[in-house]
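Using UniProt numbering, the first residue of the sequence shown is number 1, and each one after it goes up by one.
Beta carbons are placed, not taken as given, at the ideal position from N, Cα and C, and that holds for glycine.
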Amino acid sequence: MLLVAGNLLFKIADLVIQRGVSLGVVVRLFLYYLPGVVVLTIPMGSLLAALLGFGRLSANVEIVALKAAGVAFQRIVRPVIWASLLVSLGSMALNETLVPLAERAAVNLLRYEVMQETPPLFKERIFLKEEKDGHLKRVIYINRMRPRSGKMADILVQEFEEDRLSRIIAAPRGEWVRGEWWIEDGKVFEVDAQGKVRLLFTFRKQGLQLHLNPKEVETQSLDPQQMNLFQMRDSIRRLEEQGADATRLRVLLNLRLAVPWASVVLALVGAAAGSRPQRSSSSVGLGLSVVIVFFYYVTLSFCQSLGEASYLPAVVAAWFPNLIFLVLGGFLVRRSN
């Protein structure tokens with residue numbers, strides 16, 4: 001509720017006041033953004049639930065009674081671990097199914113109903129480049145493309161040899177036909193070492209080696225929040241084939257996997273921290289959970305920045321906060337025993 005009130009409601013209120021958005025659009029926008037907020041808050045909820053639950057047990061001396069009966073704390077905390085595992089799996093499923101669709105729907109609602117933009121029928125100014133062993137091999141420029149039909153207009157291909165422009169191919173149109181790209185009515189030019197250009201030949205139809213189908217071209221411009229894991233993996237592969245830097249997308253992909261499992265780690269920390277002797281639980285548990293969540297997300301943001309700047313590998317940047325708090329939870333559990 002704090003996240004919704006602090007971020008989402010302010011955004012919606014601004015739309016209502018500044019643009020006079022109707023109540024129906026506001027409700028739809030709220031529902032579209034809600035799954036992303038829920039996924040973000042599930043680890044916080046796991047932490048708070050464990051803190052309050054074990055804090056209540058501790059306040060009622062139930063933890064002392066269980067230990068006196070010979071039950072180890074590792075056995076007491078076992079149901080919390082199993083429950084948090086199920087919560088993490090549910091969070092991952094939600095993150096892969098509902099959240100990308102909802103984010104895409106929210107963006108479309110803002111763009112086409114609130115901002116009154118016209119849905120585009122084609123993509124404009126597409127740049128693709130290919131590198132091999134650190135050297136530029138080819139640059140493809142497509143002025144316009146219709147992703148649905150695979151039709152292209154104004155294609156320019158520049159081929160390089162030893163980092164020198166050696167050939168230019170220009171065609172007014174092209175098309176995706178039976179799994180292959182073809183360009184039509186084009187010209188091929190040669191560029192010599194002195195930079196002079198001369199026409200080699202013209203052609204009616206010629207194949208274009210482009211490792212993207214129309215559907216991949218359409219999804220290439222999606223925001224990572226609107227992709228599932230498979231789309232992000234394919235996007236990383238395409239960027240690397242083109243010689244582009246995919247570090248940020250690699251970090252986000254690993255974060256997509258790591259954040260749901262924070263429910264297990266934070267629940268373990270919360271159970272161990274809540275089991276200490278105390279007289280009351282709710283106020284102390286709430287305050288302690290805020291502190292723990294604050295340090296977890298600060299650590300996560302710091303590691304994400306280091307990963308995107310290539311100071312840390314993507315896997316380390318995404319999973320390091322979970323590892324830190326897992327070690328902390330293990331220490332607290334051992335101490336609580």
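Residue nearest to residue i in terms of C-alpha spacing, selected from the options
i: VAL315; options: ASN254, ARG78 and GLU113; result: ASN254
i: LEU286; options: LEU257, GLY55 and PRO224; result: GLY55
i: LEU109; options: ASP192, THR299, SER235 and VAL25; result: VAL25
i: GLU184; options: ALA171, GLU190, TRP176 and GLN194; result: ALA171
i: HIS135; options: PHE160, MET152 and LYS151; result: PHE160
i: ILE140; options: VAL16, ARG146 and MET152; result: MET152
i: ARG248; options: SER263, ASP223, VAL269 and PHE230; result: ASP223
i: ALA105; options: GLN74, MET44, GLY36 and TRP182; result: GLY36
i: LEU101; options: LEU34, GLU130, LYS137 and VAL80; result: LEU34
i: VAL197; options: VAL27, GLU113 and SER166; result: SER166
Whole-angstrom distance between residue j and residue i, CA atom to CA atom
i: ARG204; j: ASP133; result: 33 Å
i: PHE295; j: ILE324; result: 11 Å
i: LEU48; j: HIS211; result: 48 Å
i: ALA59; j: VAL87; result: 26 Å
i: ILE42; j: ALA271; result: 16 Å
i: TRP261; j: LEU9; result: 28 Å
i: ASN337; j: THR97; result: 40 Å
i: GLY330; j: VAL39; result: 25 Å
i: LEU257; j: ASP163; result: 39 Å
i: ALA83; j: ALA267; result: 9 Å
i: LEU199; j: GLN209; result: 21 Å
i: SER301; j: SER289; result: 18 Å
i: TRP176; j: SER22; result: 42 Å
For residue i, three-class secondary structure by DSSP
i: GLU162; result: coil
i: SER281; result: Because SER281 carries a pLDDT of 49, less than 50, the predicted location of this residue cannot be relied on, and the following value inherits that uncertainty. Coil.
i: TYR141; result: strand
i: GLN209; result: coil
i: residue 346; result: Missing from the structure shown is residue 346; the chain here goes from 1 to 337 and no further.
i: MET232; result: helix
i: LEU121; result: Confidence at LEU121 is low in this model, with a pLDDT of 46, below 50, so the placement of that residue should be treated as unreliable; the coordinate-derived value is given next. Of the three classes helix, strand and coil, the one that applies to LEU121 here is coil, per DSSP.
i: VAL107; result: helix
i: ALA69; result: coil
i: LEU101; result: helix
i: ASP14; result: helix
i: ARG78; result: helix
i: ARG178; result: coil
i: VAL157; result: strand
i: MET44; result: helix
i: GLY150; result: coil
i: PRO313; result: coil
Nearest-angstrom beta carbon gap, residue j and residue i [assumed within contact, 8 Å]
i: VAL265; j: LEU312; result: With a Cβ gap of about 19 Å, VAL265 and LEU312 do not count as contacting.
i: GLY274; j: LEU51; result: 4 Å
Own chain, CB closer than 7 Å to residue i, minus 5 neighbours either side, in chain order
i: GLU62; result: none
i: SER149; result: none
Contacts around residue i, its chain only, beta-carbon distance under 6 Å, and the 5 residues preceding and following it disregarded
i: THR202; result: LYS187
i: LEU57; result: ILE63
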